[in-house]
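>
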Amino acid sequence: MSTTIVTEHPGWHQTTTGEPVRVVEHQGAAWLAHWEREREHLLLRPLDAVAEEQPPVAYTSAVDLPTAAEGALLLDELVSLGTVARLTNPSLWDAITTALLRQGVTVTQARTRHHAYYTAYGRTFDTPAGPLPVAPSPALVLQISDDGFSEVGAKSSRRGLRAAARAYLDRCDHWATLNAESLIKELVEVPYIGPWTAAAAAADFTGDHSVYPHADLSVRTSARRAAPGLTLPSAERQFEALWRQWAPTQSQIHALTLFTLAYGSHVSQAHE
Numbered sequence: 346m347s348t349t350i351v352t353e354h355p356g357w358h359q360t361t362t363g364e365p366v367r368v369v370e371h372q373g374a375a376w377l378a379h380w381e382r383e384r385e386h387l388l389l390r391p392l393d394a395v396a397e398e399q400p401p402v403a404y405t406s407a408v409d410l411p412t413a414a415e416g417a418l419l420l421d422e423l424v425s426l427g428t429v430a431r432l433t434n435p436s437l438w439d440a441i442t443t444a445l446l447r448q449g450v451t452v453t454q455a456r457t458r459h460h461a462y463y464t465a466y467g468r469t470f471d472t473p474a475g476p477l478p479v480a481p482s483p484a485l486v487l488q489i490s491d492d493g494f495s496e497v498g499a500k501s502s503r504r505g506l507r508a509a510a511r512a513y514l515d516r517c518d519h520w521a522t523l524n525a526e527s528l529i530k531e532l533v534e535v536p537y538i539g540p541w542t543a544a545a546a547a548a549d550f551t552g553d554h555s556v557y558p559h560a561d562l563s564v565r566t567s568a569r570r571a572a573p574g575l576t577l578p579s580a581e582r583q584f585e586a587l588w589r590q591w592a593p594t595q596s597q598i599h600a601l602t603l604f605t606l607a608y609g610s611h612v613s614q615a616h617e
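Letter by letter, the sequence shown follows residues 346 to 617 of the numbering used here.
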């Protein structure tokens, strides 16, 4: 059975041969993640002199997908992905930053904004895909001017990023101990972080996609690309209700959402 890497996070880039590459921070050290397509293996290599435990990688099997007859066209396509591998975001700050930058924009716009903001203010490392940055630190975010945010297309995110930076510096140790649902409850207490942003960040950091905003545009778009012959609700509320009807258990809705996002990123890579 094959293994497919999910690269829905805008921090993923590609080498000249089309292999996904990303830099993440784990326990204070930077790591290079490189998906070796032929081996179907995620290579993790430290970029800092002091690095200990590797970032976590989660694997979800197609056997965890639901078996709803009404969704057979979609589910049959998702099963073809085999096992889905996902680099669980080891940095809660990166997960929060990314979710805030994704607010109210398309996937393409989010990638552009994310790359510009990170490149301008984040620590950068040489990789097989060229120089790649990590998230600007919370302390640095509080020093960026309004013009500084505007110059990288992140003007609309500035208040949220500043509020999140203050809250993170105060509560990050506690937040890191929480499960996905508890983390969401904490994050929505931060100004400018609503339920969608909190859920997206929590799913990214914990790897639990049962809490992901299931009616997110990226999920709906990927589902339609995977099964164009399947009639799916266009309204968010109806789509989420159908999603939960097909996948009534936590493990099923996690797998259904993750595999759908994986399908979307897999198809996007093939066309780049």
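For each residue, glycine too, the CB sits at the ideal point set by N, CA and C.
1) P578 and F584 - do their beta-carbons sit closer together than 8 Å?
2) Could you check the C-alpha separation between P536 and G505 for me, to the nearest Å?
3) Tell me the residue span of the alpha helix (DSSP H) that contains W520.
4) With a threshold of 6 Å on Cβ separation, who are the neighbours of A461 within its own chain once the five nearest residues in sequence on each side are excluded?
5) Around the C-beta of Q595, are 16 or more other C-beta atoms found within 10 angstroms, so that it is buried, or is it exposed?
6) Tell me which residues share the same chain as G356 and place their Cβ nearer than 6 Å to its Cβ, disregarding the 5 neighbours each side in the sequence.
7) How many whole angstroms separate the CB atoms of F604 and L410, which I take to be in contact at a CB cut-off of 8 Å?
8) Sorted by chain position, which residues of the same chain lie with C-beta nearer than 6 Å to I441's C-beta, five sequence neighbours on each side aside?
9) Would DSSP call V369 helix, strand or coil?
10) Quick one: Cα of P540 to Cα of Y404, how far?
11) Ignore the nearest five residues each way along the sequence and tell me which others in E370's own chain have a CB closer than 6 Å to its CB.
12) Taking DSSP as the reference, what is the three-state secondary structure of D471?
13) Looking at the strands, I want to know which residues DSSP matches up with T348.
Reading from the atomic positions:
1) The residue you call residue 584 lines up with position 239 of the sequence shown. The residue you call residue 578 lines up with position 233 of the sequence shown. Less than 8 Å separates the beta-carbon of F584 from that of P578.
2) For the purposes of this step, residue 536 is identified with residue 191 of the sequence shown, where counting begins at 1. For the purposes of this step, residue 505 is identified with residue 160 of the sequence shown, where counting begins at 1. CA-to-CA, the gap between P536 and G505 works out to about 7 Å.
3) Position 175 of the sequence shown, counted from the start, is the residue given in the question as residue 520. Where W520 is concerned, the enclosing alpha helix (DSSP H) stretches over R503 to W520.
4) On the sequence shown, residue 461 is found 116 positions in, with the first residue counted as 1. Cβ within range, chain order: V497 and G498.
5) Position 250 of the sequence shown, counting from 1, holds the residue named residue 595. Classification of Q595: exposed, given that the 10 Å Cβ count is below 16.
6) Counting from 1 along the sequence shown, the entry for residue 356 is found at position 11. Once the five neighbours on either side are set aside, the close Cβ partners of G356 are R367.
7) By 1-based counting over the sequence shown, the position of residue 604 is 259. By 1-based counting over the sequence shown, the position of residue 410 is 65. About 6 Å separates the two Cβ atoms, so the contact holds.
8) Position 96 of the sequence shown, counted from the first residue, corresponds to residue 441. The beta carbon of I441 sits closer than 6 Å to the beta carbons of A509 and A546 from its chain, once the five residues preceding and following it are set aside; these are given in chain order.
9) Taking the first residue of the sequence shown as position 1, residue 369 is located at position 24. DSSP places V369 in the strand class (E or B) of the three-state scheme.
10) Translated into the one-based positions of the sequence shown, residue 540 becomes position 195. Translated into the one-based positions of the sequence shown, residue 404 becomes position 59. Within the model, the alpha-carbon separation for P540 versus Y404 is close to 26 Å.
11) For the purposes of this step, residue 370 is taken as residue 25 along the sequence shown, with counting starting at 1. So the qualifying residues of the chain are S436 and V479.
12) Locating residue 471 in the sequence shown gives position 126, where the first residue counts as 1. Of the three classes helix, strand and coil, the one that applies to D471 here is strand, per DSSP.
13) Numbered from its first residue, the sequence shown carries residue 348 at position 3. When DSSP reads this structure, T348 sits in a beta bridge with T428.
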